[in-house]
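Residue numbers (the numbering used here): 197 to 632.
Glycine included, C-beta positions come from ideal geometry on N, C-alpha and C.
If you're wondering where the values come from, they're calculated on a predicted model, not measured in any experiment.
Each remark here refers to the structure printed beneath this line.
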Amino acid sequence: MTTTTTGSKPERDALSSTTVRVPSTPSLDVARVRADFPILGRTVNGRPLVYLDNAATTQCPDAVIDAMSDFYRCCNANVHRGVHTLSQEATEAYEGARAKVAHFLNADAKASIIFTRNTTESINLVAHAWGRRHLRNGDEILLSVIEHHSNLVPWQMLAQEVGCRLRFIDIDESGHLRLDQLDQVLTSRTRLVAISHVSNVLGTVNPIPTIACAARAVGAKVLVDGAQGVPHGPVDVQALDADFYAYSPHKALGPLGIGVLWVRRDILEEMDPFLGGGEMIRDVTLERSTWAPAPAKFEAGTPSVADAVGLGASIDYLESLGMDEIRQHEVRINAYLLERLRELPFLALYGPEDPSDRCGLVAFNDHQIHAHDLGTILDQHGIAIRAGHHCAKPLMRRLGVMATARASFYVYNDVDEVDTLVDALLAARKVFGLST
Ligand code: PMP
């Protein structure tokens with residue numbers, strides 16, 4: 197394998213700068229990591245599974261699966277309500293997971309970590325609980341053209357409800373946000389800037405602190421869609437200078453069914469409840485209710501306790517690998533991936549050229565084969581990739597395409613799987629009788 201640039205020790209990257217250089221040596225022992233993931237031992241269509249759909253959902257290590265199964269075997273009970281031992285143990289496990297997330301993200305308080313179902317629900321929570329209270333007719337929300345529907349549709353719905361206006365930052369030809377537009381699109385009416393940390397199509401790592409600084413200058417709050425951020429490197433929500441940060445643990449080795457929302461502590465009191473019901477109240481009469489303090493105020497009903505336990509185990513696992521090491525691993529894979537894909541003249545690649553500007557994914561199109569056909573043929577080779585609009589239809593329009601294929605890598609993927617992908621892309625050309 198060759199790399200485009202080398203450096204002995206990559207500098208620390210808080211996932212918002214482009215200072216990571218391509219490491220010359222592996223930062224993870226991938227063979228050892230793979231042994232922790234039982235699903236990677238299976239075959240698909242008679243071939244060893246090559247799982248390259250990590251931007252959609254990652255796999256769980258034994259440590260996560262065991263933690264969840266131990267919970268159900270040993271202390272399954274509802275939380276916060278019971279005086280009995282099982283309920284107390286379940287509550288400790290649930291709140292312990294919250295403490296781990298708070299530490300992992302460097303949150304300003306444990307109470308500012310709210311458990312939801314996923315990133316989508318976290319963003320909807322902010323739109324309802326904060327947006328409805330603070331946004332008025334004529335106010336503005338600044339988004340970008342690369343946003344996932346999860347960070348677009350909730351704001352469209354809010355805008356329709358309260359009459360506020362959505363504005364957008366464009367991208368340049370290299371797939372970076374047009375920061376030069378900030379001066380025009382940020383105004384004294386801007387109340388919120390909602391931007392993804394990393395694009396799920398282009399892979400671009402966005403400079404959140406720079407954007408947050410500009411937002412603060414006009415008095416706007418900052419929401420970061422971290423669905424593609426947290427999995428890929430160290431995230432410090434306070435250093436990012438955000439007000440809200442959302443992510444989905446299922447994209448970072450954790451279970452499906454639980455999401456995270458961090459809210460800056462001093463904003464928690466400025467938010468109304470999202471859902472009403474059990475657990476989120478201080479008092480209830482037949483006519484009225486008052487609210488419990490955060491985070492309970494935002495967590496109505498019985499939560500996904502086992503998923504929270506699995507989330508806690510996933511954080512332990514990620515930390516045992518090292519978030520800096522994970523970032524370096526992805527930059528190294530990216531460099532090789534881009535290099536190999538650029539050798540294929542029949543492919544169009546999307547996103548920044550520099551592997552250190554992006555996380556471990558590449559969206560691409562074969563000029564002659566539809567992305568869905570490519571995905572189906574690759575599946576015959578045991579390779580799981582994603583094909584479609586990636587829930588980013590406005591970005592597809594901006595790129596002038598209907599769909600793309602996307603290969604996304606994580607801690608258990610290595611450069612040999614890049615080679616398998618390239619071989620399968622060549623084989624797909626043969627299926628259609630096309631030149632290679
Ligand atoms: N934002 C981005 C950037 C994403 O990649 C995704 C998942 N594809 C989401 C939001 C939504 O995540 P979830 O479906 O877990 O809510």
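Between the region 242-262 and the region 605-613, are three or more C-beta pairs nearer than 8 Å? yes
So, using beta-carbon positions, are residue 455 and residue 600 closer together than 8 Å? no
Could you give the residue range of the alpha helix (DSSP H) that holds residue 591? 589-595
Report the CB separation of residue 320 from residue 350 in whole angstroms; it is logged as a contact under 8 Å. 5 Å
Name the two residues that bound the continuous alpha helix (DSSP H) containing residue 522. Note, residue 522: alpha helix (DSSP H), 519-538.
Beta-carbon within less than 6 Å of residue 437's beta-carbon, same chain only, minus the 5 sequence neighbours each way: which residues are those? These residues qualify, in order along the chain: 405 and 408.
Could you check whether the Cβ of residue 251 sits closer than 7 Å to any heavy atom belonging to the ligand PMP? yes
Considering only DSSP beta bridges, list what residue 603 is partnered with. 558
Alpha-carbon to alpha-carbon, residue 266 and residue 330: 43 Å
Just checking residue 320 against the ligand PMP - is the residue's beta carbon closer than 7 Å to any of the ligand's heavy atoms? no
What is the DSSP secondary structure of residue 419, counted as helix, strand or coil? strand
Who are the Cβ neighbours of residue 366 in its own chain at under 7 Å, not counting the five residues just before and after it? 341, 374 and 377
Go ahead and pull the three-state DSSP assignment for residue 656. Residue coverage of the chain in this structure runs from 197 to 632, which leaves residue 656 outside it and unanswerable.
Cutoff 7 Å; reference residue 309; Cβ partners in own chain excluding five residues on either side: 294, 297, 298, 303, 456, 458 and 491
Starting from residue 584, follow its DSSP beta bridges and name the residues at the other end. 600
With DSSP run on the structure shown, which of helix, strand or coil describes residue 206? Here the model assigns residue 206 a pLDDT of 36, short of 50, so the residue's position is not dependable, and the following value carries that caveat. The answer is coil: DSSP assigns residue 206 none of H, G, I, E or B.
For the alpha helix (DSSP H) that contains residue 287, what are its first and last residues? 281-300
What is the rounded straight-line gap between the Cα of residue 562 and the Cα of residue 617? 13 Å
For the region 459-476 and the region 443-451, state whether three or more C-beta atom pairs, one from each stretch, are separated by less than 8 Å. no
Terminal residues of the beta strand (DSSP E) in which residue 389 lies: 386-392
In its own chain, which residues sit with a C-beta less than 8 Å from the C-beta of residue 268, not counting the 5 before and 5 after it? Cβ neighbours of residue 268 beyond the five flanking positions: 502.
Give the residues whose C-beta lies closer than 5 Å to at least one heavy atom of the ligand PMP, in chain order. Chain-ordered, the residues whose CB falls short of 5 Å from any heavy atom of the ligand PMP come out as 314, 315, 316, 344, 346, 392, 396, 421, 423, 424 and 444.
Closest to residue 411 by C-alpha separation, out of 543, 388 and 627, would be which residue? Minimum Cα-Cα distance from residue 411 among the listed residues 543, 388 and 627 corresponds to 388.
Note down, in chain order, each residue of its chain lying with its Cβ closer than 6 Å to the Cβ of residue 363, except the 5 sequence neighbours on either side. 336, 338 and 381
Helix, strand or coil at residue 340 according to DSSP, with G and I counted as helix: strand
Apply the 10 Å Cβ neighbour rule to residue 435 and answer buried if 16 or more other Cβ atoms are within range, or exposed otherwise. exposed
Assuming residue 390 and residue 347 make a contact with CB atoms under 8 Å, what is their CB distance in whole Å? Right, the Cβ-Cβ distance comes to about 6 Å (below 8 Å), so this counts as a contact.
Ignore the nearest five residues each way along the sequence and tell me which others in residue 513's own chain have a CB closer than 8 Å to its CB. Within its own chain, the residues whose Cβ lies closer than 8 Å to the Cβ of residue 513, once the five positions on either side in sequence are excluded, are 232, 257, 259, 260 and 449, listed in chain order.
Taking 8 Å as the cut-off, decide whether the C-beta atoms of residue 540 and residue 614 are in contact. For residue 540 and residue 614, no; Cβs fall outside 8 Å.
For residue 608, name the three-state secondary structure that DSSP assigns. coil
Give the straight-line distance between the Cα atoms of residue 229 and residue 620, rounded to the nearest whole angstrom. 25 Å
When burial is assigned at 16 or more other CB atoms within 10 Å of the CB, is residue 510 buried or exposed? Classified as buried, residue 510 has 16 or more neighbouring CB atoms from the shown chains inside 10 Å of its CB.
Starting from residue 569 and walking both ways along the alpha helix (DSSP H), at which residues does that stretch end? For residue 569, the enclosing alpha helix (DSSP H) begins and ends at 567-576.
Indicate the three-state DSSP secondary structure (helix, strand or coil) for residue 481 in the structure shown. coil
Alpha helix (DSSP H) containing residue 411: first to last residue? Where residue 411 is concerned, the enclosing alpha helix (DSSP H) stretches over 404-413.
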